[in-house]
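S.K.: -19 is the number of the first residue of the sequence shown in the numbering used here; add one for each residue after it.
Note that CB positions come from ideal geometry on N, CA and C, so glycine has one too.
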Amino acid sequence: PEQFLDYIAHGDRLFERVVQFDILDRGEVPTSPIRDDNDIADQMSRLRNAFGSSD
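1) So for E(-4), helix, strand or coil by DSSP?
2) Comparing alpha-carbon positions, which option in E8, E(-4), F(-16) lies nearest L27?
3) Taking the straight line between their C-alpha atoms, what separation do you get for G32 and F(-16)?
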């Protein structure tokens, strides 16, 4: 599982970079990411950003 956890961490860093590139591409000023201890909320936020809200 250690290698799997490394892949997850790498994927998280890659996702943050893609989000920053997207922000720059739209001409917005990038903000520093806010880290939260709630991993589930973080993942749900990422899914909403990637696929849109289901509201």
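M.R.: Let me lay it out:
1) helix
2) E(-4)
3) 27 Å
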